[in-house]
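Engineer: Residue numbers (UniProt numbering), protein chains in the order written: chain A, 1 to 130; chain B, 1 to 130.
Protein chains: 2
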Amino acid sequence: MSQPNTQESCQAEHTSACTVREVLDRVGGKWSIGIIIAASDGPVRFTELERSIEGISRRMLTLTLRHLERDGLLTRTVFPTVPPRVEYVATEMARELYESLVSLTGWAQRHREAIAAARDAYDRERGLAG
Amino acid sequence: MSQPNTQESCQAEHTSACTVREVLDRVGGKWSIGIIIAASDGPVRFTELERSIEGISRRMLTLTLRHLERDGLLTRTVFPTVPPRVEYVATEMARELYESLVSLTGWAQRHREAIAAARDAYDRERGLAG
DNA sequence: CCGTATCCCAGCAGATACTG
DNA sequence: CAGTATCTGCTGGGATACGG
Numbered sequence: 001m002s003q004p005n006t007q008e009s010c011q012a013e014h015t016s017a018c019t020v021r022e023v024l025d026r027v028g029g030k031w032s033i034g035i036i037i038a039a040s041d042g043p044v045r046f047t048e049l050e051r052s053i054e055g056i057s058r059r060m061l062t063l064t065l066r067h068l069e070r071d072g073l074l075t076r077t078v079f080p081t082v083p084p085r086v087e088y089v090a091t092e093m094a095r096e097l098y099e100s101l102v103s104l105t106g107w108a109q110r111h112r113e114a115i116a117a118a119r120d121a122y123d124r125e126r127g128l129a130g
Numbered sequence: 001m002s003q004p005n006t007q008e009s010c011q012a013e014h015t016s017a018c019t020v021r022e023v024l025d026r027v028g029g030k031w032s033i034g035i036i037i038a039a040s041d042g043p044v045r046f047t048e049l050e051r052s053i054e055g056i057s058r059r060m061l062t063l064t065l066r067h068l069e070r071d072g073l074l075t076r077t078v079f080p081t082v083p084p085r086v087e088y089v090a091t092e093m094a095r096e097l098y099e100s101l102v103s104l105t106g107w108a109q110r111h112r113e114a115i116a117a118a119r120d121a122y123d124r125e126r127g128l129a130g
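1. Could you give the distance in angstroms between the alpha-carbon of Leu104 (chain B) and the alpha-carbon of Pro83 (chain A)?
2. Would Val118 (chain A) count as contacting chain B if we go by Cβ distances under 9 angstroms?
3. Which residues of chain A have a Cβ atom closer than 8 angstroms to the Cβ of Ser103 (chain B), listed in chain order?
4. Report the start-end ranges of each alpha helix (DSSP H) in the UniProt domain "HTH hxlR-type" (18-116) of chain B that is 4 residues or longer and not cut off at the edges.
5. Residues in its own chain within less than 6 angstroms of Glu69 (chain B) by CB, not counting five upstream and five downstream?
6. Counting only Cβ-Cβ distances shorter than 8 angstroms, please list the residues of the stretch 55-70 of chain A near chain B, keeping chain order.
7. Measuring only between beta-carbons, confirm whether Tyr122 (chain A) sits less than 9 angstroms from chain B.
8. Between B:Glu99, B:Thr47, B:Trp107 and B:Asp120, which has its C-alpha nearest Gly106 (chain A)'s C-alpha?
9. Have a look at Leu73 (chain B) and Leu49 (chain B) and give me their C-alpha separation to the nearest angstrom.
10. Look at the Cβ atom of Ala108 (chain B), then the Cβ atom of Val86 (chain A), and state whether they are nearer than 9 angstroms.
11. On the CB-based measure, 16 or more other CB atoms within 10 Å of its CB, does Ala121 (chain A) come out buried or exposed?
12. Applying a beta-carbon distance threshold of less than 8 angstroms, which residues of chain A neighbour Arg28 (chain B)?
13. Hey, Ile53 (chain A) and Leu97 (chain A): beta-carbon distance below 9 angstroms or not?
14. Just how far apart, CA to CA, sit Cys18 (chain B) and Asp123 (chain B)?
15. Would you identify the three-state DSSP class for Ser16 (chain B), choosing helix, strand or coil?
16. Is the Cβ of Val89 (chain B) closer than 9 angstroms to any Cβ of chain A?
17. How big is the Cα-Cα spacing for Gly34 (chain A) and Ala114 (chain A)?
18. Chain B beta carbons: is any one of them nearer than 9 angstroms to that of Glu96 (chain A)?
19. For Ala17 (chain B), go through chain A and note every residue whose CB falls closer than 7 angstroms to its CB, in chain order.
20. How long is the line joining the alpha carbons of Val78 (chain B) and Met60 (chain A), rounded to whole angstroms?
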């Protein structure tokens, strides 16, 4: 959720590294992806999200929702009823983003074991000898 | 660079959100992507990286290199010469990862203005009235 | 129901100095 | 050259309590 240093440090020429980081700065937060997914199938209410996300605190839910809304990834709709009713839904832009992100899952699944093995090896070398 | 809460909170059923987060936990750090790219075209030395990355500190360079090496994304080769010579090169796995990440640049470029506009609108509403 | 406010901490990250 | 050590600040994020 750190939105600082993106624009100023990306001076056009630095290739795509900066562009990738721009995206990561927006959805790299711990809960962003989960929320986008949950709000991709249609409007969801605050409390629904709170229950379905599992482990998220009220505070982080609100904060992340605000960030995503600010970036135009989520649309917030308030129904002036009592008790209040607020619905969030992923924008088209957000759904496209998620599609792009999903290509990462293929990579993750293909290499999950290799990563674990690398870690094991690394930790053994550093753990015993060094 | 936060590698905690990935495995324990991903209990199989939670869809791809967790998988995406696994990747993000490994490569979401501020400098990871830049380093992977720099080490994708062939071996690079420590000081080369330090100069080409622009803005990175010695400390963060070392830390990020260690993380990436631990996850099997970078290969570290030490030449026992004097002065010492250490080379880093992206593994095949890392290059594949980067290919996947590049699909994000398309999204970012298509929506960069929309995001900026959304932010402007959001900030205006909150800044003046609210 | 849908938040905000406050306190607090861990971990990322910068600056600087020292070493094999 | 290629790091490590130390000190410090900042912010993401958890816990809890309160408010419209």
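All residues carry an ideal CB built from backbone N, CA and C; glycine is no exception.
Structural biologist: This is what the structure gives:
1. 40 angstroms
2. Note that residue 118 (chain A) is Ala in the sequence shown, not Val. Interface residue, yes.
3. Ser100 and Ser103
4. With a minimum length of 4 residues, the unbroken runs of alpha helix (DSSP H) contained wholly in the UniProt domain "HTH hxlR-type" (18-116) of chain B fall at 32-38, 46-53 and 58-70.
5. Arg76
6. So the close ones are Gly55, Glu69 and Arg70.
7. yes
8. B:Glu99 is the residue among B:Glu99, B:Thr47, B:Trp107 and B:Asp120 whose C-alpha sits nearest the C-alpha of Gly106 (chain A).
9. 16 angstroms
10. Cβ distance not < 9 angstroms, so Ala108 (chain B) and Val86 (chain A) don't count as in contact.
11. Counting of Cβ neighbours within 10 angstroms places Ala121 (chain A) among the exposed residues, the total staying below 16.
12. Checking the displayed sequence, the identity of residue 28 (chain B) turns out to be Gly instead of Arg. By Cβ distance, chain A contributes Leu24 and Gly28.
13. The answer is no: Cβ separation not under 9 angstroms.
14. 31 angstroms
15. helix
16. no
17. 25 angstroms
18. yes
19. Ile33, Gly34 and Ile37
20. So the alpha carbons of these two residues sit roughly 44 angstroms apart.
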